[in-house]
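One structure below.
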Amino acid sequence: GENVEQHPSTLSVQEGDSAVIKCTYSDSASNYFPWYKQELGKRPQLIIDIRSNVGEKKDQRIAVTLNKTAKHFSLHITETQPEDSAVYFCAANHAGNMLTFGGGTRLMVKP
Amino acid sequence: ETGVTQSPTHLIKTRGQQVTLRCSSQSGHNTVSWYQQALGQGPQFIFQYYREEENGRGNFPPRFSGLQFPNYSSELNVNALELDDSALYLCASSGGVEETQYFGPGTRLLVL
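From first to last, the protein sequence lines are chains A and B.
Numbering (my numbering) for the first sequence: 60 to 170.
Numbering (my numbering) for the second sequence: 27 to 138.
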């Protein structure tokens, strides 16, 4: 099966700084890598996803990079804002679209 | 917000009881996946249903079972509840097996 590891488990940044969260996966057949943001007591919300036919995808302040050879992918948030504070989860698919999630990163953006 | 809904929002059961959780998919979605999220952890895949058939299963015992109905709504049933079953149960719907998954708000289950 798939194994996804996520680092760091907590990340504290100053408002306006950038934040980077990294994930590695084990199944070389994985080809879909979504990122979810989960605020306290709420559902995970998709913020960006990438498929293995591209190496980078950007959506305003959020970008994801994928290195299939090394089996790792990263989330980059620029110009962080206090409302970016949440837990972020990476995931990788296996056998279709069955997602395996990382352990999460608690991001705190200090005003 | 997504169009995925779940009921009930909260539930308290005692060990050994059975529970049924419900999920209504986003309009046009034919695939539902269920996840268990323990406190402080990432969601863990339980199983997926595609057009009323089980399409894959994670590392959960047979006392976790499911159904998907012709309108693509879904149920998760857990028999012989254990204390460790206490968690947030999330369903996610998608427009196909390899499409983006959108989560419902979850059902928080507490087993005493």
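Beta carbons are placed, not taken as given, at the ideal position from N, Cα and C, and that holds for glycine.
Quick caveat: nothing in here was measured; it's all calculated off a predicted structure.
For residue 96 (chain B), the secondary structure class from DSSP, reduced to helix, strand or coil, is coil. Burial is judged here by how many other beta carbons sit within 10 angstroms of a residue's own beta carbon; residue 71 (chain B) has at least 16 and is buried. Per DSSP, the beta-bridge partners of residue 118 (chain B) are B:59, B:129. Here residue 99 (chain A) carries a coil assignment [DSSP, helix/strand/coil].
Contact between residue 148 (chain A) and residue 95 (chain A) holds: their C-beta atoms lie close to 5 Å from each other, under 8 Å. Excluding residues up to 5 positions away in sequence, 93 lie with their Cβ nearer than 6 Å to the Cβ of residue 108 (chain A) in the same chain. Think of a sphere of 8 Å around the beta carbon of residue 74 (chain B): the chain A residues whose beta carbon falls inside it are 155, 156, 157, in chain order. Looking only at A:162, A:154, A:160, the smallest Cα-Cα distance to residue 82 (chain B) is reached by A:154. Of the residues assessed, residue 55 (chain B) falls on the buried side of the cut-off, its CB having 16 or more other CB atoms within 10 angstroms.
Of all C-beta pairs linking the stretch 112-125 of chain A to the stretch 68-76 of chain A, fewer than three are shorter than 8 Å, placing the two stretches out of contact. When DSSP states are grouped into helix, strand and coil, residue 118 (chain A) belongs to the strand group.
Counting only residues of its own chain and dropping the five nearest sequence neighbours on each side, residue 129 (chain B) has a CB closer than 7 Å to the CB of 28, 30, 116, 118.
For residue 74 (chain B), the closest of B:91, B:66, B:135 by C-alpha to C-alpha distance is B:91. The beta carbon of residue 126 (chain B) sits closer than 9 Å to some beta carbon of chain A.
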